[in-house]
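**Q** What follows is a structure written as structure tokens; I'll ask about it next.
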Amino acid sequence: MQSKKAQKKFGKEKLQRIIEMCMAIENHTVDPFMLDVDNIIRVVKEYFPRWEQADELNLDAETIHHLASVIKLQSEWLKHRSTSLYTDPFLLEEKIIQAAKEEMVSIFLKAWHPLVELEQLSLHSLTEATRYWEKLLPLKERWPELAVPEVTMGTASRDELIRQRILGDKVFSKELECCWKDLKEKVHEGKILYWDFIGAETYEETVQRALLASFLITYGYATLEIHPLEEEIFIKPFEKPLTKVGTQQSISIPIAVTYENWHKWKRGELD
Amino acid sequence: MRKKKRGVYASKMKRATHMLFYRRHQKAGVKGWELHKALGIDYPKVLGILDDYLKSLYLQVKTVFEEEKTPAGKPSIEELNKARFYITLRGELTPKESKMIGWRIDDLAGLAVAISYIISKRGQAPRKDVEELLSEKLPGWKVGLNLDRYIRYGYLQQDDNERLYLDWRTRAEVDEQALIDSLLRSEAQTNLHSKSTSDEEEEGEEQEGE
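Going down the list, the protein sequences come from chains A and B.
According to the numbering used here, the residues represented by the first sequence are 4 to 274, in order.
According to the numbering used here, the residues represented by the second sequence are 230 to 439, in order.
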């Protein structure tokens, strides 16, 4: 009697093999009818009650997904075979090889109706073209040379770059630390509405805070809590940054920080 | 009143003839919406009249629907607007005539083989396979050149994975169903011929004589 763990391992290997086979069919390297769909559904059904973990259920879903693709390919193949245009490729290939050049040409000429088209100048188009040429200004007049001022190379100080808003006035890591601290101070009951945290007096400042918030989440200083039914997004700071960041698959959550949304938030219309 | 209407259609037919015969874009033919814009909503009727007129010249107005989706019944104006219209030969060319329009027999046979092979492979085939097939009867140096020529003319197209597909000109000029039917019929003839009964030989000779 196999242990539960061993049975699970065996089941996973079976599903992996099915997925590989399906992928080979999808890549047109194997005939879609090589796959016994009933048998595979039986295998998937047999192991389904044993799956508990997310990755196991994921594997099960992936198998079904690939199986559906193969069934689609089988259906397309049948549809093509049922059309009058279907011919056995081997038969046709044999015929093409056997046919003499002359025979092939005479067959083709029965089905070929070449296009009739003219590319010809007329007196009218020549007159029009001459008239256009006469009116056309010389290139020198149409494209006057642009006076581009010469600029010499020089150096820019950090203060100048900050003034021009190319650099922020703080080191980024410091800014991130400040933002995290600010978040921890603002939260009630461990979380705060995302817009209440990033929202600021000006739109520019709001965008900057949204950028910092995204880095806080990516680097494991905070996380998002999403309530899809209520359409609410909360941000929750961690007491200590998570060290597991980057070791597991992360997901991206797009949040639109548009000017309109900022206005709504200012008016208190954004939940 | 009737005379006036006839005059309107005559003028529209003239305009349609110019649009269809003279190449306007890189690709030959005119899109339905262009004809709609130039001739008005009744452009299918104008094309019908033109097609009738062209019958006596052995030419026809050919409609190629978008993505080869030929409607089962009468096409709607939306479907026609998306279609492309061409003027093609109505009848068949003789081998002598095909030479006169600039096709050498080798090149034409190569095109016929490439198109039939791609049709038999459900519309796509690796370029390598087509090259191998053509090299059975054409010199190697010519095979690549010819395939590139078919691609340039718009008969075939090639993707990044070096797979060949049929392109717009094949869809406009070649009756795929007729080509496959002729090939299969010719297969039947070959089989009958191999039985070599005297009656069949005579029949074959008669056909060749025709």
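Positions of the beta carbon are idealized from the N, C-alpha and C atoms, including for glycine.
None of the values given here were measured: they were computed from a predicted structure.
Tell me the residue span of the beta strand (DSSP E) that contains Y282/B.
**A** Here residue 282/B is taken as the residue at index 53 of the second sequence, counted from 1. Note, Y282/B: premise wrong, no beta strand (DSSP E); alpha helix (DSSP H) at 272 to 284.
**Q** Less than 8 Å between CB atoms is the rule here; does K12/A satisfy it with respect to chain B?
**A** Here residue 12/A refers to the residue found at position 9 of the first sequence. No, no contact with chain B.
**Q** Along the region 391 to 412 of chain B, what residues have a CB closer than 9 Å to any CB found in chain A?
**A** Hits within the stretch, in order: R398, A401, E402, V403, D404, E405, Q406, A407, L408, I409, D410, S411, L412.
**Q** Does E106/A have its Cβ less than 8 Å from a Cβ in chain B?
**A** Along the first sequence, one-based indexing puts residue 106/A at 103. It does: the Cβ of E106/A has a partner Cβ on chain B nearer than 8 Å.
**Q** Using 8 Å for Cβ pairs, my map puts L376/B next to F111/A. What's the rounded Cβ distance?
**A** For the purposes of this step, residue 376/B is taken as residue 147 along the second sequence, with counting starting at 1. For the purposes of this step, residue 111/A is taken as residue 108 along the first sequence, with counting starting at 1. With 8 Å as the limit, L376/B and F111/A do not qualify as a contact, their Cβ atoms being about 16 Å apart.
**Q** For H254/B, report the span of its alpha helix (DSSP H) as first-last.
**A** In the second sequence, the residue the question calls residue 254/B occupies position 25. Per DSSP, H254/B belongs to no alpha helix (DSSP H) and is neither H nor E.
**Q** Would you mind stating whether M26/A and H68/A have Cβ atoms separated by less than 8 Å?
**A** Translated into positions along the first sequence, residue 26/A becomes position 23. Translated into positions along the first sequence, residue 68/A becomes position 65. It is not a contact, given that the beta carbons lie outside the stated cut-off.
**Q** Less than 8 Å separating the beta-carbons of L245/A and G271/A?
**A** The residue given as residue 245/A occupies position 242 in the first sequence. The residue given as residue 271/A occupies position 268 in the first sequence. Going by C-beta atoms, L245/A is not nearer than 8 Å to G271/A.
**Q** Report, in whole angstroms, the separation of the C-beta atoms of D58/A and L18/A, which I expect to be a contact under 8 Å.
**A** As a first step, residue 58/A is located in the first sequence; it is residue number 55 there, counting from the start. As a first step, residue 18/A is located in the first sequence; it is residue number 15 there, counting from the start. No, D58/A and L18/A are not in contact; Cβ-Cβ is about 11 Å, not under 8 Å.
**Q** Output the distance between the C-alpha atoms of I347/B and Y394/B, rounded to the nearest integer angstrom.
**A** Taking the second sequence and counting its residues from 1, the one referred to as residue 347/B is at position 118. Taking the second sequence and counting its residues from 1, the one referred to as residue 394/B is at position 165. One C-alpha to the other measures close to 7 Å.
**Q** Say whether chain A places a C-beta atom closer than 8 Å to the C-beta of S327/B.
**A** If you number the second sequence from 1, residue 327/B lands on position 98. By this cut-off, S327/B is an interface position.
**Q** Using 8 Å as the cut-off, can you tell me whether the region 354 to 370 of chain B makes contact with the region 392 to 412 of chain B, which would need three or more C-beta pairs spanning the two stretches below that distance?
**A** Short answer: they touch.
**Q** Which partner residues of A225/A appear in the DSSP bridge assignment?
**A** As a first step, residue 225/A must be located in the first sequence, where it is residue number 222. In the DSSP output, where bridge partners are listed per residue, A225/A has P240/A.
**Q** Is DSSP giving H116/A helix, strand or coil here?
**A** Within the first sequence, the letter at position 113 stands for residue 116/A. Three-state DSSP puts H116/A in coil, outside helix and strand.
**Q** Please return the same chain residues whose Cβ sits closer than 6 Å to the Cβ of Q418/B, not counting the five positions on each side in sequence.
**A** Locating residue 418/B in the second sequence gives position 189, counting from the first residue. Confidence is the limiting factor: at Q418/B the pLDDT is only 47, short of 50, which leaves the residue's position unreliable and the question unanswerable from this model.
**Q** Excluding the five sequence neighbours on either side, which residues of its own chain have a C-beta within less than 7 Å of the C-beta of L340/B, listed in chain order?
**A** Position 111 of the second sequence, counting from 1, holds the residue named residue 340/B. Y379, Y384, listed in sequence order.
**Q** Just how far apart, CA to CA, sit I220/A and T226/A?
**A** Taking the first residue of the first sequence as 1, we reach residue 220/A at position 217. Taking the first residue of the first sequence as 1, we reach residue 226/A at position 223. Taking the straight line joining both Cα atoms gives about 5 Å.
**Q** Can you list the residues of chain B that S72/A reaches, using a CB-CB cut of under 7 Å?
**A** Counted from its first residue, the first sequence places residue 72/A at position 69. None at all; the shortest Cβ gap to chain B is about 17 Å.
**Q** Can a CB atom of chain B be found closer than 8 Å to the CB of S109/A?
**A** Taking the first sequence and counting its residues from 1, one reaches residue 109/A at position 106. Yes, its Cβ sits closer than 8 Å to a Cβ of chain B.
**Q** Residue ranges of each alpha helix (DSSP H) run of no fewer than 4 residues wholly in the region 59 to 87 of chain A, ordered along the chain?
**A** Taking only runs of at least 4 residues, no alpha helix (DSSP H) segment lies wholly in the region 59 to 87 of chain A.
**Q** Would you say K187/A faces chain B, with C-beta separation under 8 Å as the test?
**A** Taking the first residue of the first sequence as 1, we reach residue 187/A at position 184. Closer than 8 Å: no.
**Q** Report the residue ranges of all alpha helix (DSSP H) runs contained in full by the region 273 to 354 of chain B; include only those spanning at least 4 residues, in chain order.
**A** If we require 4 residues or more, the alpha helix (DSSP H) runs fully inside the region 273 to 354 of chain B come out as 306 to 311, 324 to 329, 334 to 349.
**Q** Beta-carbon within less than 7 Å of Y238/B's beta-carbon, same chain only, minus the 5 sequence neighbours each way: which residues are those?
**A** Position 9 of the second sequence holds residue 238/B. V275, I278.
**Q** Tell me, please, whether the region 45 to 56 of chain A touches the region 97 to 114 of chain A by the rule of three or more beta-carbon pairs shorter than 8 Å.
**A** As far as the Cβ criterion goes, the region 45 to 56 of chain A does not touch the region 97 to 114 of chain A, which means the pair count is below three.
**Q** Counting contacts by CB-CB distance shorter than 8 Å, is V260/A in contact with chain D?
**A** Here chain D cannot be found, since the structure's protein chains are A and B.
**Q** Closest by CA to S78/A, which one among E65/A, V46/A, E137/A, V40/A?
**A** For the purposes of this step, residue 78/A is identified with residue 75 of the first sequence, where counting begins at 1. When each option's Cα is compared against that of S78/A, the closest is V40/A.
**Q** Got a sec? Which residues, its chain only, sit under 6 Å from L264/B by beta carbon, not counting five neighbours each side?
**A** Here residue 264/B refers to the residue found at position 35 when the second sequence is read from its first residue. Closer than 6 Å at the Cβ level, and outside the excluded window around L264/B, lie Y272.
**Q** Does the beta-carbon of L279/B, which I'm using as the reference point, lie nearer than 7 Å to any heavy atom of the ligand GTP?
**A** The ligand GTP is not part of the structure shown, which contains no ligands of any sort.
**Q** Expressed to the nearest angstrom, what Euclidean distance is found between the alpha-carbon atoms of K113/A and E326/B?
**A** The sequence position of residue 113/A within the first sequence is 110, counting from 1. The sequence position of residue 326/B within the second sequence is 97, counting from 1. Going from the Cα of K113/A to the Cα of E326/B covers about 13 Å.
**Q** Using a Cβ-Cβ cut-off of 8 Å, state whether A312/B counts as contacting chain A.
**A** Here the question's residue 312/B lines up with position 83 in the second sequence. Answer no: the Cβ-Cβ gap between A312/B and chain A never drops below 8 Å.
**Q** Just grab the DSSP bridge partners of I28/A for me.
**A** Indexing the first sequence from 1 puts residue 28/A at position 25. I28/A pairs with nothing; no bridge assigned.
**Q** Give the C-beta separation of F250/B and E120/A to the nearest angstrom, bearing in mind that I take them to be a contact with Cβ-Cβ under 8 Å.
**A** Indexing the second sequence from 1 puts residue 250/B at position 21. Indexing the first sequence from 1 puts residue 120/A at position 117. Correct: roughly 6 Å between the Cβ atoms.
**Q** State buried or exposed for M107/A, treating a residue as buried only when at least 16 other CB atoms are found within 10 Å of its CB.
**A** Within the first sequence, the letter at position 104 stands for residue 107/A. By the 10 Å Cβ count, M107/A comes out buried.
**Q** Between the C-alpha atoms of L363/B and V293/B, what's the straight-line distance to the nearest angstrom?
**A** By 1-based counting over the second sequence, the position of residue 363/B is 134. By 1-based counting over the second sequence, the position of residue 293/B is 64. Rounded to whole angstroms, L363/B to V293/B spans 29 Å at the Cα level.
**Q** Between the Cα of I201/A and the Cα atoms of K98/A, E49/A, A259/A, Q10/A, which residue gives the shortest distance?
**A** Residue numbering aside, residue 201/A sits at position 198 when the first sequence is read from its first letter. I201/A has its Cα closest to that of A259/A, out of K98/A, E49/A, A259/A, Q10/A.
**Q** Indicate the three-state DSSP secondary structure (helix, strand or coil) for V403/B in the structure shown.
**A** As a first step, residue 403/B is located in the second sequence; it is residue number 174 there, counting from the start. Reduced to three states, the DSSP call for V403/B is strand.
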